[in-house]
Each structure stands twice: as structure tokens, then as C-alpha cells.
């Protein structure tokens, strides 16, 4: 479902397709007059009256030729960060007699390593039905969906030009929201959100939590010059409750307009998501007392921290006004209670459960069986769903593990689970070179025989013990071995669920 909205509906949301986040146009059915890459550029596009190319009028957008046969044009975009799409802006600025009459939007979710060469043939899901477009205007549409997408297809009917395309939504964390060591609790890619601020006249508050350092002043958050009493502030929400160990306030590129000083507050309000945080009954706690700021500098506050948490929101107060390029709140996510887990959105719950078991089918069934009244009930349901899954789901879960003795093999592909894998396989850290070599050789032999890697619940076992188990199982019948491996995965899942929940 969708409806036309105003820009206010997207306040605090992120343009998931932004080039700054890594968004990219991958393929278009036609780009005869103007290149697809223009769609994701900053601004709304410009118009130069007398500028032409050898193909016709130069236009700052994506423009296809006039279609003389049935069908319509389309452009496929890889989102910079996967997320839940809440709305789109199909901006036809400067396209007046050559804008499309209608547009629709489709979405798809691909695995990180899935090939993108034949995306047009994938099974796309419509998330915005065919809607009329106004010429020379921002065509804003809200989208009611709770699913995560990695790629978007913009369809235009039948042809024409679009200046810019924005995909507004909420980032789905790349790492599940659980205890994974030190992380930036408010980083956009980890699921943090900018929820409210006093002013963002010059640049949006969401810039504060973008990846990397700002390349220029426009990539930070800046308020207008304050001519009366008071001060400016911005509130950020962590992906889930977390404990703070260090805070960075970066005034990079702000030289004549940085704040004079700052303070930082935090609160624990897991049920509050929007600017209700301004209400007087919110119990804000001072985390960093008054600190002097300087131009174009990364300020690190560690020893100055007055409290660690847990917190769900952080408020940066700047005095009296000015610009800050980035705010980093380093720490660790706290363990969940059953009540907190029940309150997660379905997508958040699925992402969290995928840390425990790599089968999405299992995670989605678990999330759909909430609310759970106790850990025992949750663990019992986990076992019940697991044993009734088809074999392909077992194999998918196996694929989310590194080989025994080789946790670095999935450093890039599954970085979210690596820290737990390292802990579980700690027995290999002190193993002899001979043992590790034998493990590697037998792992390869096992993979060639059974078609999946050797799965064993490694917690508390030495490398030699795991080698002995591998030797004893490699001669098994394939059907028998699959059931044994599934039982080991079941044990691993239970251990990880206990780590997840307090």
C-alpha cells in the first residue's frame, strides 16, 4: 500500500540509495538521452538552457528515448545499505514535456554474495503500485512495508526522464543487534537513527551517523545562527540498549561555525522512538559534562564519561549553535530480555536470530511465534522448529559457520558471527601446527564427501578433541551424518541464544 505524502513524513529517515552510503545504479533498459548515474546524485538537478549533446538536449537526470513499441523503461539500483523502505521521492525536476506519465517501484532482497548479472530476471516484489507523476515536481509516496530490501527497480511508463530518485527508510543493521564487542551504538549501518533535533537549517541530523568522516561541511549537521536564548541539540537512538565506553564529537570541516562547547546526555527509554523525548518526564542523565570544542577537530571523550548505561538514546547539546560532522558513541550492546525481544519488529527479530542460526526459515518461524513468556519456552520452540525444517535449511545454517580451525575464512562474509565463532573455537588457538594441518586436510576430505563443512559444537573442546570427533564421523553414512551435524547445530543455536538473552 502507498499514499502521497509530504517531505515531513521522511524526517529522520535515511536515503538508502544515497551514493554516500554506497548506492549505485546497476542497469537501465535505456539511457539514450541521459545517464542513469544522475539519478542518485546530490541536489535536485540543474537545467542549462542552451546545452546540447549529439543526442539532443542535455538533461541532469536519467532519460530514455521515446518508446515506439509496447513495454516500459526501468532502472535497477543497489541500495547503499539494506533497509525497510518507508517511501520514495521520484523527482521530475526540469522534466516538463518529457516526464513519465506513471511510475512504480519493485524491491528484492539478495544475499551478500549473490550474482547481480541477471537481476532483471529475478522475482521482484511490487512495493509501490503504478502511480501518476507530476512534471517538474517531487513526487513523494509513502510505502507501508516491514520487509528489508537490498535492490530497488524504478519502473517508468512508458518512457521519459527522472531527475533524482530517493529511497527513504530505516537501515536494517548489517550486524544483529546483540553483544558483539565494541561497536558504534548509533552508527547508521548498525541500526542507529537520528530521531529529533532543535534545528537542521543547513544540513540534516542524519548526517551525524553516516559512515566514514565527512568529505565537506555539507556532510555534517549544522543549525542556523541562534539570535535568542537557548542552545541546539540532536537526539540519536541506538539500535538497542547499549553501554558506552567512548564518545567522539568531530567538527571536521567546521572552522568558523563550530559550536563553542557541548554536553552529552543519555537516557534509557526503550519504548520511545520519536521526539516525545522532549517531554519533561524523560529522565536524561549527564554522560559528558561541559567540554570546550575547537574547529576542524575530532574530540574524544573517554575518561570524561560520567555514566556507562545501559542507554537507548543519546542527546548531543551544542552551545549555542553551529555544526558537527560526526558523532560516534562507542560501546557494546547489552543482552536482551525476553520482553525486549518480543518488542522487536519482525525484521529486527529475524536479523537477531540469524546470529544464532543461519537458516532464515528458522529465524522467520521463531519471530512469528512471539511473544515468548520465558527463555525455556523460546528454547523449546527453537528445537521444535529446527527438527522439522527441510534439509536445505539445515545446509544453509551449516554454511554460516567457518571451518573448524579457520575462523578467518569468513571474516568478510559473516563478520557479525565471527566473534562468537572465535570464542567457540578458542581451543584451536593453542593447537599445534600438526593438529591444525590435520584438521585442514580432513575438513577438505569431509567437505568433498558430504557436500558441507564439518559441524561440531566446539564450545569447551580442544583442537585435538575436535580432530578425534572428525576422524570418528568421516566414515559415517551420509544420511546418518547429516542428522548428527543437525544435532550439533542445534546445540550451537541453543548456546548462542543463551548468549543473546539475559
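Numbering (the numbering used here), first residue to last: 18 to 519. Using N, Cα and C, we set each Cβ at its ideal position, and we do this for glycine too.
Cβ of residue 164 within 9 Å of any chain B Cβ:
In the structure shown, chain B cannot be found, because there is only a single protein chain.
For residue 142, count neighbouring Cβ atoms within 10 angstroms of its own Cβ and tell me buried if that reaches 16, exposed if not.
The residue in question, residue 142, is exposed, as its Cβ has fewer than 16 Cβ neighbours within 10 Å.
Kindly confirm or deny that the stretch 27-38 and the stretch 220-237 touch, where touching means at least three C-beta pairs closer than 8 Å.
Counting Cβ pairs under 8 Å, three or more are found: they touch.
For residue 170, count neighbouring Cβ atoms within 10 angstroms of its own Cβ and tell me buried if that reaches 16, exposed if not.
buried
Going by DSSP, what residue range makes up the alpha helix (DSSP H) through residue 204?
Run containing residue 204: none; DSSP gives neither H nor E here.
In its own chain, which residues sit with a C-beta less than 8 Å from the C-beta of residue 574, not counting the 5 before and 5 after it?
Given a span of 18 to 519 for the chain in the structure shown, any question on residue 574 remains unanswerable.
Please name the residue in 107, 114, 92, 97 whose C-alpha comes closest to that of residue 74.
114
Less than 8 Å between the CB atoms is what I'm expecting for residue 363 and residue 163, so what's the real figure, rounded?
6 Å
Opposing strand residues paired with residue 149 [DSSP bridges]
119, per the DSSP bridge assignment.
Report the option in 118, 417, 99 whose CA atom is closest to the CA atom of residue 107.
118
Tell me whether the stretch 373-383 and the stretch 342-354 touch, counting them as touching only if at least three CB pairs, one residue from each stretch, are closer than 8 Å.
no
Quick one, are the C-beta atoms of residue 518 and residue 392 less than 9 Å apart?
yes
If you draw a straight line from the alpha carbon of residue 344 to that of residue 40, how long is it in whole angstroms?
Near 22 Å, if we compare the C-alpha coordinates of residue 40 and residue 344.
Rounded to whole angstroms, what is the Cα-Cα separation between residue 261 and residue 490?
About 45 Å.
For residue 97 and residue 474, what's the separation of their Cα atoms in angstroms?
Distance between the alpha carbons of residue 97 and residue 474 is about 35 Å.
Classification of residue 160 by the beta-carbon crowding that lies within 10 angstroms, buried from 16 upward
It is buried - the Cβ of residue 160 has at least 16 other Cβ atoms within 10 Å.
Residue 331 and residue 402 closer than 9 Å at C-beta:
no
Unbroken alpha helix (DSSP H) run spanning residue 467, endpoints
450-467
Just curious, the beta strand (DSSP E) that residue 255 is in, first and last residue?
249-267
Does the Cβ-Cβ distance between residue 521 and residue 246 come in under 9 Å?
This structure cannot settle anything about residue 521, because the visible part of the chain is limited to 18 through 519.
CB contact flag (residue 104, residue 186, <9 Å):
yes
Determine contact between the stretch 449-457 and the stretch 474-488, defined as no fewer than three beta-carbon pairs at a distance below 8 Å.
Output reads yes: the stretch 474-488 touches the stretch 449-457.
Check whether residue 44 and residue 137 have beta carbons under 9 Å apart
In this structure, residue 137 lies closer than 9 Å to residue 44 by Cβ.
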